[in-house]
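Asks: Mind having a look at this structure? Questions to follow.
Residue numbers (our numbering), protein chains in the order written: chain Y, 1 to 391; chain G, 1001 to 1344.
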């Protein structure tokens, strides 16, 4: 009996389709300088067996979101509010002691850096069986048998020999396979993979992503794949949520997102990736400016200071997620990409020489600082308003 | 001969740097040695960008460091504009190094956290340039402006007050302040977000034009390397696999390893089919005991007995495209020596 089979017996499947419902989840860190709103009102639901990709730059809150759902950042200065409903159980408000029985068996996580997520002074065999012995109460021999089985299932060659090695004796790709084996040990129903391949070579990345896909299919797991690389999520997810400044700014089925993306941030993120198909020395469309300060986020839309389409409204009112014509596609933007208003806004900003727009049009050098898009946009609104009053 | 050949050296008039038969070995204890770089050769023309790609452990960073004589290579030659760097020692070598500067992978740890930015960027000038503080600052502030950092606000700040992208801009300013001929960029953008990565890559292109720089760009991301490089050299386990003009390399890879790298790169398009048959393997063999013959043969599906016995030499595909493979994916020109002849 594999660990996965052991699990299905202890977990009678429920009837509801949504395994995970996250509603208005907020995680704020109270620090000396103020309150860092790392996750600020995220809602989504996830069906069984599907893969959700969470994409965004560093500091967008994607890692904190996945940890908040698992309730891993419970201590210290973190305050999580809202609701995480896992298969009928409300996780927000549970004590670590109560959560302990869920970690590993219900939900598990694969971390970014396999060198730091594994204990360097404990043999990998014990790191795998620790889980099995705790949750499944199996004998030492049985745990070892299951552990070797797990190592084999993540394609580790000579698993019997590797069982008694230390992490430093393995390559980066091999170590990440071990941490996947540990995460899978007790047959979790949701697997969080937080930048699982960022520290790895492209060839190994391809292998590890395939491995995660196989394991997910075999075990009918739900997966949340957190990454900054739209290339990684493009072919390997059912749905993608794009995060910016602690909020989801666009969420759609993968194909729909790439076909008709709506949010300027998604557009900019996709455009800034260098592509192998471009000729050499192609100028990249960099995103102007920097991610916002999460202690004092900008009023209105948080992307507005870097957005080439920003208008006065964007600096004043915060857009909420609204559905698109495509089923399941939502976005939070006043001037969505592809709309007539968006094209108008772009032309207006270009004429007014708004820096973020000039940068997007490739008319600004990469060495020029982007200064105050807001003031530029608002200045022109005022002068146009004055003209209107005079007429 | 153990090397992989020099058919690809061009012998141009404007060659600025030539590396020949570069070997770097490190002791690995118990009398063993790690052959990090095992006899590679390449040349760089003035104003060109050479990309070095390969998986971690292929020796690309070691190659970059050996060019700076940090540490000096075990054997081989590094010729910078007519000066043989490997023959120099002490003061002479130090003064030549000002012409070669390096940008490192992790921008935050490559800047001294306790120094102010004004000092960090001025340090090369303090050592090699002028001792006049005002003159130093004039140059430093111009350089900081060139990389998009406001000199007045940055002068008295420390590295932790800047983001990763800004720190990388500062380390680029530090590398440029002595007006070097060549900049060796060792994975300069792999620690950065895609949006910041695009800013830094665009900036490197602009600075290269502005200062007439020659770049050696070491990276593992093929798309990034293609974007910035004129010529790309693919390395595997201390050896050169393929050298080519970059558009051509990506359009028609001749080495199975180059193809493997290209096929592994994720493409941001959900309609592109992913090859799901690729399963985890043993990965890179040990550089202490590299495979005989072609070093890539243990992971190559086309490998034959010949690959086990004879090390392939670089052969010409077209004028600026060379491959070291017995079974290249595109035909090599007829006048190249055949593997059988090489064996004798």
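All C-beta atoms in this analysis are idealised placements derived from N, C-alpha and C, irrespective of residue type, glycine included.
(1) Which same chain residues end up closer than 7 angstroms to residue 1316 of chain G when comparing Cβ atoms and leaving out the 5 residues on each side of it in sequence?
(2) Residue 1141 of chain G lies in the alpha helix (DSSP H); which residues open and close that run?
(3) Can you list the alpha helix (DSSP H) stretches of 4 or more residues lying completely in the region 90 to 162 of chain Y, in chain order?
(4) For the alpha helix (DSSP H) that contains residue 1021 of chain G, what are its first and last residues?
(5) Could you tell me the alpha carbon to alpha carbon distance between residue 337 of chain Y and residue 1020 of chain G, rounded to whole angstroms?
(6) Does residue 348 of chain Y come within less than 8 angstroms of chain G when only Cβ atoms are used?
(7) Mapping DSSP to helix, strand and coil, what is residue 1112 of chain G?
(8) Using a C-beta cutoff of 8 angstroms, does residue 1218 of chain G count as contacting chain Y?
(9) Answer with buried or exposed for residue 202 of chain Y, where buried requires no fewer than 16 other C-beta atoms within 10 angstroms of its C-beta.
(10) Give the list of continuous beta strand (DSSP E) stretches no shorter than 3 residues that lie fully inside the region 1305 to 1338 of chain G.
(11) Go ahead and pull the three-state DSSP assignment for residue 221 of chain Y.
(12) How do the region 46 to 65 of chain Y and the region 236 to 244 of chain Y stand: do at least 3 beta-carbon pairs fall below 8 angstroms, yes or no?
(13) Using a Cβ cut-off of 8 angstroms (strictly closer), state whether residue 133 of chain Y contacts chain G.
(14) Whose CA, out of Y:301, Y:120, Y:138, lies closest to the CA of residue 319 of chain Y?
(15) Use the C-beta contact count for residue 349 of chain Y: other C-beta atoms within 10 angstroms, 16 or more gives buried, fewer gives exposed.
(16) Counting contacts by CB-CB distance shorter than 8 angstroms, is residue 1013 of chain G in contact with chain Y?
(17) If I follow the unbroken alpha helix (DSSP H) through residue 47 of chain Y, where does it start and stop?
(18) Along the region 1109 to 1121 of chain G, where does the CB come closer than 8 angstroms to a CB of chain Y? Name the residues.
(19) Report the rounded CA-to-CA distance for residue 1018 of chain G versus residue 1137 of chain G, giving the unit in angstroms.
(20) Where does residue 354 of chain Y sit, in a helix, a strand or coil, going by DSSP?
(21) Could you check where the beta strand (DSSP E) with residue 273 of chain Y kicks off and where it finishes?
(22) Assign residue 143 of chain Y to buried or exposed, taking buried as 16 or more other Cβ atoms, counted over all protein chains shown, within 10 Å of its Cβ.
(23) Rounded C-beta distance between residue 1209 of chain G and residue 1101 of chain G? I'm assuming under 8 angstroms.
(24) In whole angstroms, what is the alpha-carbon distance linking residue 1261 of chain G and residue 1234 of chain G?
(25) Enumerate in chain order the residues of its own chain whose CB-to-CB distance from residue 36 of chain Y is below 7 angstroms, with the five nearest sequence positions on each side excluded.
(26) According to DSSP, simplified to helix, strand and coil, what is residue 1099 of chain G?
(27) Check the Cβ-Cβ distances between residue 73 of chain Y and every residue of chain G, and say whether any is below 8 angstroms.
(28) Output the distance between the C-alpha atoms of residue 415 of chain Y and residue 1033 of chain G, rounded to the nearest integer angstrom.
(29) Would you list, in sequence order, the uninterrupted alpha helix (DSSP H) runs of no fewer than 4 residues that lie entirely inside the region 1044 to 1088 of chain G?
(30) Mind checking who residue 341 of chain Y pairs with in its DSSP beta bridge?
(31) Cβ of residue 1062 of chain G less than 8 angstroms from any chain Y Cβ?
(32) Thinking C-beta only, is residue 183 of chain Y closer than 8 angstroms to residue 109 of chain Y?
(33) Please state the DSSP three-state secondary structure of residue 1247 of chain G.
(34) Quick one: which residues of the region 154 to 186 of chain Y get their C-beta closer than 9 angstroms to a C-beta of chain G? List them in chain order.
(35) Should residue 220 of chain Y go down as buried or exposed, given a rule of 16 or more other Cβ atoms within 10 Å for buried?
(36) At the level of alpha carbons, what is the spacing between residue 13 of chain Y and residue 352 of chain Y?
Replies: Taking the structure as given:
(1) 1007, 1322, 1332, 1333, 1336
(2) 1133 to 1146
(3) 96 to 99, 114 to 117, 124 to 136, 140 to 153, 159 to 162, all fully within the region 90 to 162 of chain Y.
(4) No alpha helix (DSSP H) contains residue 1021 of chain G, which is instead part of the beta strand (DSSP E) from 1015 to 1027.
(5) Looking at the two C-alpha atoms, the distance is approximately 53 angstroms.
(6) no
(7) coil
(8) no
(9) buried
(10) As far as the region 1305 to 1338 of chain G is concerned, its whole beta strand (DSSP E) runs of at least 3 residues are 1315 to 1318, 1321 to 1323.
(11) coil
(12) Yes, the region 46 to 65 of chain Y touches the region 236 to 244 of chain Y.
(13) Answer no: the Cβ-Cβ gap between residue 133 of chain Y and chain G never drops below 8 angstroms.
(14) Y:301
(15) Answer is buried; the Cβ neighbour count reaches 16.
(16) It does not; no Cβ of chain Y falls within 8 angstroms.
(17) From DSSP, residue 47 of chain Y is part of no alpha helix (DSSP H) but of the beta strand (DSSP E) over 34 to 47.
(18) Correct list: empty, as no residue qualifies.
(19) If you draw a straight line from the Cα of residue 1018 of chain G to the Cα of residue 1137 of chain G, it is about 35 angstroms long.
(20) coil
(21) Careful: residue 273 of chain Y lies outside any beta strand (DSSP E) and carries neither H nor E.
(22) buried
(23) That belief does not hold up - the Cβ atoms of residue 1209 of chain G and residue 1101 of chain G are roughly 17 angstroms apart, past 8 angstroms.
(24) 10 angstroms
(25) 28, 29, 294, 295
(26) coil
(27) no
(28) Nothing about residue 415 of chain Y can be reported from this structure: the residues present for chain Y run from 1 to 391 only.
(29) 1060 to 1067
(30) DSSP, once it has assigned bridges, lists no residue as partnering residue 341 of chain Y.
(31) no
(32) yes
(33) helix
(34) For the region 154 to 186 of chain Y, residues whose beta-carbon sits nearer than 9 angstroms to a beta-carbon of chain G comprise 154, 155, 156, 157, 171, 172, 173, 174, 177.
(35) exposed
(36) Residue placement at residue 13 of chain Y is flagged as unreliable, the pLDDT there being 38, under the threshold of 50; the coordinate-derived value follows with that caveat. One C-alpha to the other measures close to 59 angstroms.
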